[in-house]
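For the sequence shown, position 627 (counting from the first letter as 1) is numbered 627 according to UniProt numbering, and the numbering increases by one without interruption.
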Amino acid sequence: MGYEDARRLQGIFGLVFPFLVAFLVHANHSYNNQVVLLDTTAVLGELGWKTYPLNGWDAITEMDEHNRPIHTYQVCNVMEANQNNWLRTNWIPRDAAQKIFVEMKFTLRDCNSIPWVLGTCKETFNLYYMESDESHGVKFKSSQYNKIDTIAADESFTQMDLGDRILKLNTEVREVGPISRKGFYLAFQDIGACIALVSVRVYYKKCPFTVRNLAIFPDTVPRVDSSSLVEVRGSCVKYAEERDTPKLYCGADGDWLVPLGRCICSIGYEEVDGSCHACRPSFYKAFAGNIKCSKCPPHSFTYSDATSVCQCEKGYFRAEKDPPTMACTKPPSAPRNANVNINETALFLEWSPPSDMGGRKDLTYSVICKKCGSDPSQCELCGGGIRFIPRPTGLTNSSVTVLDFVAHANYTFEIEAMNGVSELSFSPKQFAAITVTTDQEAPSFIGILRKDWASQNSIALSWKEPDYPYEVVLDYEIKYYEKENEELTYSSTKSKAPSVIITGLKPATKYIFHIRLRTTSGYRGYSPKFEFETGDETSDMAAEQGQILVITTAAVGGFTLLVILTLFFLITGRCQWYIKAKLNSEEKRQSHLQNGHLQFPGVKTYVDPDTYEDPSLAVHEFAKEIDPSRIRIERVIGAGEFGEVCSGRLRTPAKREIPVAIKTLKGGYMERQRKDFLKEASIMGQFDHPNIIRLEGVVTKSRPVMIVVEYMENGSLDSFLRKHDGHFTVIQLVGMLRGIASGMKYLSDMGYVHRDLAARNILVNSNLVCKVSDFGLSRIMEDDPEAAYTTTGGKIPIRWTAPEAIAYRKFSSASDAWSYGIVMWEVMSYGERPYWEMCNQDVILSIEEGYRLPAPMGCPASLHQLMLHCWHKERNLRPRFLDIVNFLDKLIRNPSSLHTMVEDILGWCNIPESPGDVPEYPVFVSVTDWLDSIKMGQYATNFLVAGFTSLDLVSRMSIEDIRRTGITLIGHQRRIVSSIQTLRIQIMHIQEKGFHV
Numbered sequence: 001m002g003y004e005d006a007r008r009l010q011g012i013f014g015l016v017f018p019f020l021v022a023f024l025v026h027a028n029h030s031y032n033n034q035v036v037l038l039d040t041t042a043v044l045g046e047l048g049w050k051t052y053p054l055n056g057w058d059a060i061t062e063m064d065e066h067n068r069p070i071h072t073y074q075v076c077n078v079m080e081a082n083q084n085n086w087l088r089t090n091w092i093p094r095d096a097a098q099k100i101f102v103e104m105k106f107t108l109r110d111c112n113s114i115p116w117v118l119g120t121c122k123e124t125f126n127l128y129y130m131e132s133d134e135s136h137g138v139k140f141k142s143s144q145y146n147k148i149d150t151i152a153a154d155e156s157f158t159q160m161d162l163g164d165r166i167l168k169l170n171t172e173v174r175e176v177g178p179i180s181r182k183g184f185y186l187a188f189q190d191i192g193a194c195i196a197l198v199s200v201r202v203y204y205k206k207c208p209f210t211v212r213n214l215a216i217f218p219d220t221v222p223r224v225d226s227s228s229l230v231e232v233r234g235s236c237v238k239y240a241e242e243r244d245t246p247k248l249y250c251g252a253d254g255d256w257l258v259p260l261g262r263c264i265c266s267i268g269y270e271e272v273d274g275s276c277h278a279c280r281p282s283f284y285k286a287f288a289g290n291i292k293c294s295k296c297p298p299h300s301f302t303y304s305d306a307t308s309v310c311q312c313e314k315g316y317f318r319a320e321k322d323p324p325t326m327a328c329t330k331p332p333s334a335p336r337n338a339n340v341n342i343n344e345t346a347l348f349l350e351w352s353p354p355s356d357m358g359g360r361k362d363l364t365y366s367v368i369c370k371k372c373g374s375d376p377s378q379c380e381l382c383g384g385g386i387r388f389i390p391r392p393t394g395l396t397n398s399s400v401t402v403l404d405f406v407a408h409a410n411y412t413f414e415i416e417a418m419n420g421v422s423e424l425s426f427s428p429k430q431f432a433a434i435t436v437t438t439d440q441e442a443p444s445f446i447g448i449l450r451k452d453w454a455s456q457n458s459i460a461l462s463w464k465e466p467d468y469p470y471e472v473v474l475d476y477e478i479k480y481y482e483k484e485n486e487e488l489t490y491s492s493t494k495s496k497a498p499s500v501i502i503t504g505l506k507p508a509t510k511y512i513f514h515i516r517l518r519t520t521s522g523y524r525g526y527s528p529k530f531e532f533e534t535g536d537e538t539s540d541m542a543a544e545q546g547q548i549l550v551i552t553t554a555a556v557g558g559f560t561l562l563v564i565l566t567l568f569f570l571i572t573g574r575c576q577w578y579i580k581a582k583l584n585s586e587e588k589r590q591s592h593l594q595n596g597h598l599q600f601p602g603v604k605t606y607v608d609p610d611t612y613e614d615p616s617l618a619v620h621e622f623a624k625e626i627d628p629s630r631i632r633i634e635r636v637i638g639a640g641e642f643g644e645v646c647s648g649r650l651r652t653p654a655k656r657e658i659p660v661a662i663k664t665l666k667g668g669y670m671e672r673q674r675k676d677f678l679k680e681a682s683i684m685g686q687f688d689h690p691n692i693i694r695l696e697g698v699v700t701k702s703r704p705v706m707i708v709v710e711y712m713e714n715g716s717l718d719s720f721l722r723k724h725d726g727h728f729t730v731i732q733l734v735g736m737l738r739g740i741a742s743g744m745k746y747l748s749d750m751g752y753v754h755r756d757l758a759a760r761n762i763l764v765n766s767n768l769v770c771k772v773s774d775f776g777l778s779r780i781m782e783d784d785p786e787a788a789y790t791t792t793g794g795k796i797p798i799r800w801t802a803p804e805a806i807a808y809r810k811f812s813s814a815s816d817a818w819s820y821g822i823v824m825w826e827v828m829s830y831g832e833r834p835y836w837e838m839c840n841q842d843v844i845l846s847i848e849e850g851y852r853l854p855a856p857m858g859c860p861a862s863l864h865q866l867m868l869h870c871w872h873k874e875r876n877l878r879p880r881f882l883d884i885v886n887f888l889d890k891l892i893r894n895p896s897s898l899h900t901m902v903e904d905i906l907g908w909c910n911i912p913e914s915p916g917d918v919p920e921y922p923v924f925v926s927v928t929d930w931l932d933s934i935k936m937g938q939y940a941t942n943f944l945v946a947g948f949t950s951l952d953l954v955s956r957m958s959i960e961d962i963r964r965t966g967i968t969l970i971g972h973q974r975r976i977v978s979s980i981q982t983l984r985i986q987i988m989h990i991q992e993k994g995f996h997v
């Protein structure tokens with residue numbers, strides 16, 4: 001029973017081996033993040049492990065079906081007591097490992113299934129290790145080894161399992177570390193178990209080589225401490241460059257975590273499957289970035305790879321400031337249809353634009369004047385004696401006026417069209433030439449110029465109308481200048497009558513006057529000089545008193561006539577209609593008293609649902625109940641504050657289905673939540689405006705409770721703009737802003753303060769109509785520096801909130817106007833975050849110090865000026881929404897006013913856009929705006945009826961033109977003339993910079 005029984009038991013255990021061979025054939029696995037130091041299933045020769053004592057562990061090697069060796073060690077000395085059998089591996093170099101993992105596959109027999117056991121049977125074995133810088137050869141001392149763990153089997157087998165050919169293989173993994181020496185041994189101790197050690201795999205983990213965001217990250221070994229990460233900086237792939245430093249973090253399990261930064265393909269290369277490839281011939285890429293190569297622009301080419309800029313075809317050019325994405329262009333052809341009109345004092349040159357603009361829009365004209373003798377080939381430049389209005393070069397309009405030419409002379413004018421690439425061309429210049437011969441100067445005006453009266457700043461002149469029996473006198477031109485200046489600077493005005501009032505003069509100053517007339521045959525020559533002097537303060541007061549006396553006399557007479565007519569109607573009983581009208585008006589006023597509010601005809605007043613004892617009554621009063629069978633929910637489009645938001649269809653009473661959005665109240669709500677949910681409907685139901693989100697109705701008598709509103713296909717304005725960055729024209733953006741302002745004007749007129757106006761709360765439909773939404777959820781905030789106020793859904797940032805609302809909880813239409821200015825900034829920046837990444841506290845401090853958001857790139861100056869007005873610190877000085885709507889309407893009717901960008905005006909006005917300054921630009925959208933600025937807005941209709949519809953026309957007006965508009969008060973005439981002179985200077989400066997008025 002002793003030795004023989006033990007050998008018999010070992011023979012029974014040996015039957016396990018065929019099962020192991022079949023299992024291991026299919027047990028190979030691949031792990032990208034593991035580096036294997038030892039794998040017994042991959043060793044072709046003998047393992048050569050040491051056993052102590054020699055008759056302890058037995059090595060069994062068999063060949064699998066592919067003729068590969070499979071090594072197994074087994075021990076089953078359960079018939080003897082006090083077992084201490086050791087199995088030691090060969091020396092294993094640790095490589096770069098700091099922590100190693102030992103994976104063991106083994107089988108273990110159940111002690112209760114072994115008959116005739118004489119010793120103490122175990123169902124575990126022990127795992128040890130020892131660090132060493134070199135191999136110890138055959139030496140073995142168990143005391144040098146450190147225990148890792150006691151290994152037990154999850155599944156053990158019995159004799160019956162072998163008979164049924166059921167194999168129960170165990171897999172256990174243990175980790176060891178940190179390892180600091182060059183290598184180590186592993187040892188397995190058996191203390192009386194029946195074990196078959198099928199395979200041993202020793203490995204450590206690494207984060208494997210990878211390419212992320214065009215950056216290469218090498219193999220990296222993680223730290224022993226599982227809570228710390230290894231930061232790895234990547235290197236860009238070939239033909240790529242860093243945009244932000246690329247980084248990855250290697251985790252303890254060999255996984256890459258937290259990708260940061262990126263690389264981008266260099267100029268001339270594009271990203272393809274994680275690497276940068278050169279642009280093909282005929283394609284180019286001018287900027288670094290992960291964008292595709294583009295086909296060469298028109299009239300350009302390239303025949304090589306990795307091209308950054310395409311070369312222009314012969315005869316085509318690219319200006320210095322032209323981007324590489326722009327097509328190559330050429331100089332324009334010559335101007336067409338040049339003609340000249342001449343009178344005694346001026347030549348008027350006009351021409352048509354070239355037939356070929358060269359593919360560019362920066363067209364200008366230059367006029368060269370040549371004075372020729374009798375021989376046309378003998379010409380010379382005209383020199384400085386001749387003058388061009390406005391100038392001879394850099395003309396943007398196709399006309400010019402020539403002055404101070406000589407009579408009886410031949411002039412040739414060469415008109416050349418130029419654009420941004422004209423100077424780059426070596427081809428002969430193309431120009432239109434026109435020759436004109438000046439006639440003998442016409443006789444001058446013969447007559448006496450008289451001074452009728454003079455004030456400090458004005459002189460009234462008159463003269464006798466000359467007698468020209470065969471010609472009609474069209475008008476008169478008066479030229480004048482200060483005597484001391486001797487014509488260095490002069491002004492002129494026109495008059496159709498034989499009199500004129502010259503305004504804008506200096507007090508007690510002598511002026512020289514010339515007069516000439518224009519007949520059907522042209523201008524006559526100027527008259528001799530006439531000298532007159534303006535009055536002093538005494539004469540001006542006398543003139544003013546005379547005007548006041550006339551006005552007072554007329555006013556008294558008119559009032560007296562009014563009193564006489566009124567008494568007459570009262571005596572005859574003809575005013576009874578007035579008494580009846582008064583009584584009817586009082587009855588109407590009484591009928592409009594509702595809920596304590598005074599209602600005026602045509603004006604609705606907002607009613608706060610919180611004023612109702614039962615807020616649910618407000619819902620039924622202002623919102624229509626909908627039968628849920630008429631609602632068809634199609635899909636979930638988002639999550640609202642109280643539940644899901646869905647899109648669907650609503651069947652109207654006319655059997656027509658319309659798209660709607662449905663807000664639902666999730667189950668398990670409290671009554672307070674239900675009231676807050678329906679409060680928005682009771683508010684929204686009071687509004688009826690094309691720029692306010694429309695409430696279709698509510699469902700309150702069944703579950704779930706729903707609010708049904710019109711469906712807005714393009715969602716919220718901020719995300720819509722970010723998605724379509726740069727896709728809209730300025731006039732389209734102004735149209736969106738006008739819609740929002742119109743909706744807010746409606747709310748303001750009703751007495752409703754929104755308190756959360758922001759682009760995220762503006763919805764956009766398929767026709768780009770913007771509608772204000774998100775009502776009734778605002779709550780006064782608690783003391784929280786990170787929020788302006790809160791809703792049941794959370795805190796709302798302060799970036800849209802006026803300073804007084806943050807500091808003192810004062811919400812009003814003026815604070816909504818501040819928020820509207822922020823919305824304007826969001827729209828013009830295509831959904832950029834206001835104040836960028838500044839924290840809320842910094843935003844508050846910056847605003848208090850006078851900082852205001854600068855104009856977004858490409859923002860018209862007039863729009864940014866409106867933003868600045870909305871952000872006025874004094875809320876009473878901010879514009880009303882009525883003012884905003886009117887202002888935007890003027891911009892839409894006059895789109896040319898949107899051509900001037902803020903960056904342009906800052907350049908020619910030398911105004912620094914410093915954080916603390918609020919620039920005031922001299923920009924007027926229309927003639928009406930200009931008149932309003934000088935407090936003469938009452939004459940806007942007069943100007944428009946008289947045909948002065950643009951600022952350019954106004955700048956050319958004379959005193960007679962002003963009189964023709966119907967302005968009779970001398971003081972008003974004087975103010976308008978003075979302002980016209982200032983306007984003329986502003987327009988001249990703007991035109992010199994190449995801008996249009």
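Note that beta-carbon positions come from the ideal geometry of N, C-alpha and C, so glycine has one too. Model, not experiment: these values are computed from the prediction.
{"query": "Cα-Cα separation between E625 and R656, rounded to whole angstroms", "result": "18 Å"}
{"query": "Pairwise C-alpha distance: D154 and E46", "result": "29 Å"}
{"query": "Spatial distance of V977 from T611 (CA atoms)", "result": "57 Å"}
{"query": "Pick from I515, G535, T520 that is closest to P528, judged by C-alpha positions", "result": "I515"}
{"query": "Beta-carbon proximity of E172 to M104, cut-off 8 Å", "result": "yes"}
{"query": "Three or more C-beta pairs below 8 Å linking the segment 857-874 and the segment 748-767", "result": "no"}
{"query": "C-alpha distance - C310 paired with R318, whole-angstrom precision", "result": "10 Å"}
{"query": "Outcome for I731 when other beta-carbon atoms lying within 10 angstroms are tallied against a minimum of 16", "result": "exposed"}
{"query": "Candidates S304, D255, P259, I264, of which the one nearest C279 by Cα", "result": "S304"}
{"query": "The segment 231-246 / the segment 197-205 touching (three or more Cβ pairs under 8 Å)", "result": "no"}
{"query": "Terminal residues of the beta strand (DSSP E) in which L695 lies", "result": "695-699"}
{"query": "DSSP three-state assignment for E587, whether helix, strand or coil", "result": "Per-residue confidence for E587 stands at a pLDDT of 38, beneath the threshold of 50, marking its modelled position as unreliable; the derived number appears in the next sentence. Helix at E587."}
{"query": "Cβ shell of E241 (< 7 Å), same chain only, five flanking positions each side left out", "result": "C263, I264, S266, A288"}
{"query": "Cβ pair count under 8 Å reaching 3, the segment 453-462 against the segment 422-429", "result": "no"}
{"query": "Distance between beta carbons of I478 and E414, contact taken as under 8 Å", "result": "Between I478 and E414 the Cβ distance is about 35 Å, and since that is not below 8 Å, they are no contact."}
{"query": "Per-residue burial, G546 [other beta carbons within 10 Å of its own, 16 or more giving buried]", "result": "The predicted position of G546 is uncertain, since its pLDDT is 48 and thus under 50; a value taken from the coordinates is nonetheless stated next. Result: exposed."}
{"query": "A417 classed as buried or exposed, judged by whether at least 16 other C-beta atoms fall within 10 angstroms", "result": "buried"}
{"query": "Reduced DSSP category for N213 - H, G, I as helix; E, B as strand; rest coil", "result": "coil"}
{"query": "Nearest-angstrom Cα separation, counted from S897 out to R964", "result": "27 Å"}
{"query": "Between the CA atoms of D676 and M670 - distance to the nearest angstrom", "result": "10 Å"}
{"query": "Cβ neighbours of V473 in the same chain (closer than 8 Å, five flanking residues each side left out)", "result": "E465, P466, L517, R518, T519"}
{"query": "Pairwise C-alpha distance: T307 and P298", "result": "16 Å"}
{"query": "Contact test: K105 Cβ vs the ligand GTP heavy atom, cutoff 7 Å", "result": "In terms of ligand content, the structure shown is empty, and the ligand GTP therefore cannot be addressed."}
{"query": "Pair within 8 Å by beta-carbon distance, C207 and T220", "result": "yes"}
{"query": "Own chain residues within Cβ distance below 7 Å of I148, not counting five before or after", "result": "L127, Y128, Y129, R174, V176"}
{"query": "Own chain, CB closer than 6 Å to G685, minus 5 neighbours either side, in chain order", "result": "F622, A623, L695"}
{"query": "Beta-bridge pairing of F532 - partner residues as DSSP gives them", "result": "Y511"}
{"query": "Those residues which DSSP pairs with L347 across a bridge", "result": "I342, V402"}
{"query": "Classification of K993 by the beta-carbon crowding that lies within 10 angstroms, buried from 16 upward", "result": "Bear in mind that the predicted position of K993 carries a pLDDT of just 46, short of 50, making it unreliable; the figure below should be weighed with that in mind. K993 comes out exposed."}
{"query": "Inside the segment 237-295 only - beta strand (DSSP E) runs reaching at least 3 residues", "result": "240-250, 256-265, 269-272, 275-278"}
{"query": "Closest Cα partner of residue 1018 within the set E482, F530, I70, Y365", "result": "For the chain, the structure presents residues 1 to 997; residue 1018 sits outside this window and is missing."}
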